[in-house]
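Here the sequence shown is numbered in the working numbering, starting from 41 and rising by one per residue. Where a beta carbon is used, it is the ideal one built from N, C-alpha and C, also for glycine. Predicted model only: the values in this text are computed from it and were never measured. As structure tokens, the structure follows; a few thoughts come after it.
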Amino acid sequence: MVEPNNPPRKAPKAVLDKWRRVRSFALGLPGAVEEFPWGESVAKVNRKVFVFLGVEDGSWPLAVTVKLRDEEAHAHALTCPGAEPAGYGLGKAGWVRVPLEEQGAPDAELLCDWVEESYRVIATKKWVAELDARH
């Protein structure tokens with residue numbers, strides 16, 4: 041909870057814009073819905089989270105957490121400044137938390153690629169087929 045005397049700091053506009061672009065991309069995927077468990081934004085498909093988006097109110101640094109099974113993408117994500125295996129044991133299953141405010145953070149296009157990979161890991165074949173039909 042944010043104390044009244046300590047208002048949340050705001051992320052730079054460019055970082056917020058990147059976060060909003062990634063969020064919009066995630067929610068545009070077939071069957072995707074946004075929910076707010078634990079007070080943070082997540083995108084789900086089949087009632088399962090495929091990306092943790094955090095909060096945009098400045099109470100916590102902006103980051104995107106995705107599940108990457110592709111070894112090359114997973115390794116690449118972990119080389120991003122401040123990136124780390126996700127907490128709560130999720131890192132063991134391939135989840136990576138990528139901060140957006142670090143110098144050298146990935147651009148929105150790469151983040152969207154990782155969101156799509158994470159989606160493909162979680163989504164049913166039907167939803168993946170619908171996504172493939174869009175391309």
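Item checked: Cβ pair count under 8 Å reaching 3, the region 87-104 against the region 137-150 -> yes
Notebook entry, point to check: Three or more C-beta pairs closer than 8 Å, one from the region 71-90 and one from the region 113-121: is that the case here?
Noted result: no
Item checked: Three-way DSSP call (helix, strand, coil) for Trp100 in this model -> Locating residue 100 in the sequence shown gives position 60, where the first residue counts as 1. In the structure shown, Trp100 sits in coil (DSSP, three-state: anything other than H, G, I, E or B).
Check: By the 10 Å Cβ neighbour count, where 16 or more other Cβ atoms means buried, how is Pro77 classified, buried or exposed?
Finding: Locating residue 77 in the sequence shown gives position 37, where the first residue counts as 1. So Pro77 ends up on the exposed side.
Notebook entry, point to check: Alpha carbon to alpha carbon, how far is Glu74 from Ala173?
Noted result: On the sequence shown, residue 74 is found 34 positions in, with the first residue counted as 1. On the sequence shown, residue 173 is found 133 positions in, with the first residue counted as 1. Cα to Cα, Glu74 sits roughly 23 Å from Ala173.
Check: From Ala56 to Val155, what does the alpha carbon distance come to, in whole angstroms?
Finding: Along the sequence shown, read from residue 1 onward, the residue named residue 56 stands at position 16. Along the sequence shown, read from residue 1 onward, the residue named residue 155 stands at position 115. According to the sequence shown, residue 56 is Leu rather than Ala. About 17 Å.
Notebook entry, point to check: Buried or exposed: where does Trp100 fall if 16 or more other Cβ atoms within 10 Å of its Cβ makes it buried?
Noted result: On the sequence shown, position 60 is the one that residue 100 refers to. The residue in question, Trp100, is exposed, as its Cβ has fewer than 16 Cβ neighbours within 10 Å.
Margin query: Does Leu93 come out as helix, strand or coil in the three-state DSSP assignment?
Written below: The sequence position of residue 93 within the sequence shown is 53, counting from 1. Note: Leu93 maps to strand in three-state DSSP.
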